[in-house]
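Working notes for the structure below.
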């Protein structure tokens, strides 16, 4: 039996995860609650209290340990004040004792506070039985936690900022309303996370609002910038991070991780298709000549092969990017330069799909490769190419309007970044 609550039983919109009784919440924690929470207190139903560490009282303040590298509880490496804030802002604990015992580092001065009330069955899904909780902490950025706290049935969220909605509307509203048939560039109108505050050095307070969609992540780094600028909302170099294992937390700041062992195309649980890590050693591969027929293949181990029979697909190189010195497959280059119905100024107009061919996906970071991947459980031949921000695929067996598609980079990246 599914014990998860329907989303209608949970607070919506700006109603906060940090709802219920707030006790001594700092402006920082309370503000984040208003932006990105989605838990609930239900009248007439039993509720249980969860606890938090309020970073306004310690993390990054004068209470930081004298030697955080020496005192750090886990990797014995200081990850900076923003990391402390993220720990305090995103962790939920079943008790004050659990919160106190699971601080980010020895000497942490963050104040243990009551985060609020949750329906008892939601609380137990997070922590386990009320009398003997099985988990001492959860992170609301984890997929399964976000699903429980948000839309427990489908994990769908409304736009966290009106600027996000405007960016989505231009390319994807015509698809949703059946005005045109083509790949989604973001999603079918919903995000799969609430608005999140992620660390970014150049953002005010070191945190910026982001939201994850199937195909990418939207970001607002400077909320005081001109909202009419095409750069007010950005989408990060997520594919670069996934392939290299370097997570970007500032213009020139990175955290070293491992390249993502996450499938770059097809079903998430496909055991055979190429992963992002399959492309890691191919970033410096030479470009195919302009007009060359693409017959090179790639397997999950990152091994490149050649299948002359693929010449029958008649897919050629359409462009050479002189910046990254990589070719672009003709179907992708045509898509990047295509025109069609878009939503502008409250009406459908015919215009270039993208203001610049490289605007949505960035530049190519590797060559195009054919691979066998499972799509809805069925193995298919797919051409895959990684760009800085997106993965594009070409599936000859699809309906012509859907042969070129943007991969689910947003979901792939979120799974990698917030892996439990």
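In the numbering used here, the protein residues as written are 51 to 470. We put the CB at the ideal spot given by N, CA and C, even for glycine. As the structure is a prediction and not an experimental result, all values here were calculated from the model.
Residue i - DSSP class collapsed to helix/strand/coil
{"i": "residue 336", "result": "coil"}
{"i": "residue 225", "result": "helix"}
{"i": "residue 176", "result": "helix"}
{"i": "residue 294", "result": "helix"}
{"i": "residue 147", "result": "helix"}
{"i": "residue 438", "result": "coil"}
{"i": "residue 100", "result": "strand"}
{"i": "residue 199", "result": "helix"}
{"i": "residue 328", "result": "helix"}
{"i": "residue 234", "result": "coil"}
Residue nearest to residue i in terms of C-alpha spacing, selected from the options
{"i": "residue 453", "options": "192, 155 and 233", "result": "233"}
{"i": "residue 247", "options": "241, 270, 226 and 228", "result": "270"}
{"i": "residue 309", "options": "317, 326, 362 and 301", "result": "326"}
{"i": "residue 256", "options": "215, 298, 467 and 225", "result": "298"}
{"i": "residue 447", "options": "190, 437 and 428", "result": "428"}
{"i": "residue 168", "options": "186, 386, 184 and 143", "result": "143"}
{"i": "residue 443", "options": "450, 382 and 360", "result": "382"}
{"i": "residue 152", "options": "175, 173, 104 and 192", "result": "104"}
{"i": "residue 401", "options": "408, 410, 387 and 409", "result": "387"}
Exposure label - residue i; buried when at least 16 CB within 10 Å
{"i": "residue 396", "result": "exposed"}
{"i": "residue 426", "result": "exposed"}
{"i": "residue 323", "result": "buried"}
{"i": "residue 292", "result": "buried"}
{"i": "residue 455", "result": "buried"}
{"i": "residue 301", "result": "exposed"}
{"i": "residue 243", "result": "buried"}
{"i": "residue 194", "result": "exposed"}
{"i": "residue 362", "result": "exposed"}
Euclidean distance between Cα positions of residue i and residue j
{"i": "residue 171", "j": "residue 208", "result": "24 Å"}
{"i": "residue 465", "j": "residue 307", "result": "13 Å"}
{"i": "residue 286", "j": "residue 469", "result": "19 Å"}
{"i": "residue 390", "j": "residue 311", "result": "36 Å"}
{"i": "residue 198", "j": "residue 179", "result": "16 Å"}
{"i": "residue 83", "j": "residue 318", "result": "For residue 83, the predicted model reports a pLDDT of 36, less than 50, meaning its position is unreliable and no value from the coordinates is stated."}
{"i": "residue 419", "j": "residue 141", "result": "41 Å"}
{"i": "residue 155", "j": "residue 262", "result": "29 Å"}
{"i": "residue 289", "j": "residue 355", "result": "23 Å"}
Distance cut-off 7 Å: residue i Cβ against heavy atoms of the ligand FMN
{"i": "residue 268", "result": "As presented, the structure is devoid of all ligands, the ligand FMN included, so that no description of it is given."}
Can you find at least 3 beta carbon pairs, one from the stretch 455-462 and one from the stretch 263-283, that sit closer than 8 Å?
-> Yes: the two stretches touch, three or more of their Cβ pairs being nearer than 8 Å.
Does the stretch 403-415 touch the stretch 430-439, meaning 3 or more C-beta pairs lie closer than 8 Å?
-> yes
For the 8 Å Cβ check, are there 3 or more pairs between the stretch 368-377 and the stretch 347-360?
-> no
When the Cβ atoms of the stretch 379-393 are set against those of the stretch 214-221, are three or more pairs found closer than 8 Å?
-> yes
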